[in-house]
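Inspection log for the structure reproduced underneath, given as structure tokens.
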Amino acid sequence: MSQAFTVEAEPREDFGKNAARRTRRAGRIPGVVYGGGGPVIPVAVDPEIIRDILHSESGHNAIFTLQVRGKAPSRAMIRDCQAEPVHGKLLHVDLVRIGHDTKLKLKVDIHVTGEPEGVKLQGGIFEFILREVEVECLPDDIPEAITIDVSPLTLGHNLRVADLPIGPKVKVLTDPNRVVAHVVTLKAEEEKPAETAEAAPAEPEVIRKGKAEVEGEEGEATEDKDKKEKGEKKEKEKGK
Numbered sequence: 002m003s004q005a006f007t008v009e010a011e012p013r014e015d016f017g018k019n020a021a022r023r024t025r026r027a028g029r030i031p032g033v034v035y036g037g038g039g040p041v042i043p044v045a046v047d048p049e050i051i052r053d054i055l056h057s058e059s060g061h062n063a064i065f066t067l068q069v070r071g072k073a074p075s076r077a078m079i080r081d082c083q084a085e086p087v088h089g090k091l092l093h094v095d096l097v098r099i100g101h102d103t104k105l106k107l108k109v110d111i112h113v114t115g116e117p118e119g120v121k122l123q124g125g126i127f128e129f130i131l132r133e134v135e136v137e138c139l140p141d142d143i144p145e146a147i148t149i150d151v152s153p154l155t156l157g158h159n160l161r162v163a164d165l166p167i168g169p170k171v172k173v174l175t176d177p178n179r180v181v182a183h184v185v186t187l188k189a190e191e192e193k194p195a196e197t198a199e200a201a202p203a204e205p206e207v208i209r210k211g212k213a214e215v216e217g218e219e220g221e222a223t224e225d226k227d228k229k230e231k232g233e234k235k236e237k238e239k240g241k
């Protein structure tokens, strides 16, 4: 991996939140350098060069020359960085020294090329599932990315970590059986069953009497009452 960047760092002597704010107002960000058998050094660096490294093809895996004022140059990587959550402004960075003979564990992006046969000829859907793998290797053997051609991929088949084209100098730590990508059948949207409205509970039948019916009932009641009164009157006359 080529060293395309040089980061110049100034040692810091002031610490704390107020000192960090002053560093940022001066156009730099606080950071710390460690590892590689050397001492821990608080530094201030230009955030623009850190941003350029992060946005390069190698990103976090980029190895660059670190020049701390008053120290010999060393190779380093960005181990961690903090950014303002809203606007993404860099606030702090951790830099780690890298030795030539020290193996590193890191994650490398997976890139795919081509159009799968299962999509082009068989009408399937391509799904890219695993986009990075963890590897272990020497600094000079770190791949910028792992690229695989998915053109031969047919319907119902998949590519696994074991299928990735990785050189012998790079050891893959991710499970070799993990699926990287596959082509699956396009599932037709299932028709929703017709929604059957729940039968509303039948309302109790209200029997309403018509006017004629009511008048008829009232007439019958009146007639019965008259008959009863006439009968009682005859009984009284017989008793006299």
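Residue numbers for the sequence shown follow the numbering used here, beginning at 2 and rising by one. Note that the Cβ used here is the ideal one computed from N, Cα and C, for glycine as well.
The residue from Ala84, Ile30 and Asp142 with its alpha-carbon nearest to that of Phe16 is Ile30.
A distance below 8 Å separates the beta carbons of Arg76 and Pro140. Contact between Glu135 and Lys108 is confirmed by a C-beta separation of about 5 Å, below the 8 Å threshold. Burial check for Ser152: the Cβ neighbour count within 10 Å stays below 16, so the residue is exposed.
A straight line joining the alpha-carbon of Lys170 with that of Thr24 spans about 42 Å. Listed in chain order, the non-local C-beta contacts of Glu58 below 7 Å within the same chain comprise Glu145, local neighbours out to five positions each way being set aside. In this structure, DSSP gives Leu154 a state outside helix and strand, which the three-state scheme calls coil.
Here the C-alpha atom of Gly124 lies approximately 22 Å from the C-alpha atom of Arg161. Residue Gly119 holds the alpha-carbon nearest to the alpha-carbon of Leu154 among Gly119, Lys172 and Asp176. With at least 16 other beta carbons inside 10 angstroms of its own, Asn62 counts as buried. Between Val44 and the set Pro86, Pro12 and Leu131, the nearest pair of CA atoms involves Pro12. Rounded to the nearest whole angstrom, the CA to CA distance from Gly157 to Asn178 is 16 Å. The residue from Val184, Val8, Phe6 and Val46 with its alpha-carbon nearest to that of Ile126 is Val184. Distance check between Ile54 and each of Arg132, Val33 and Val94 places Val94 closest, using alpha-carbon atoms only.
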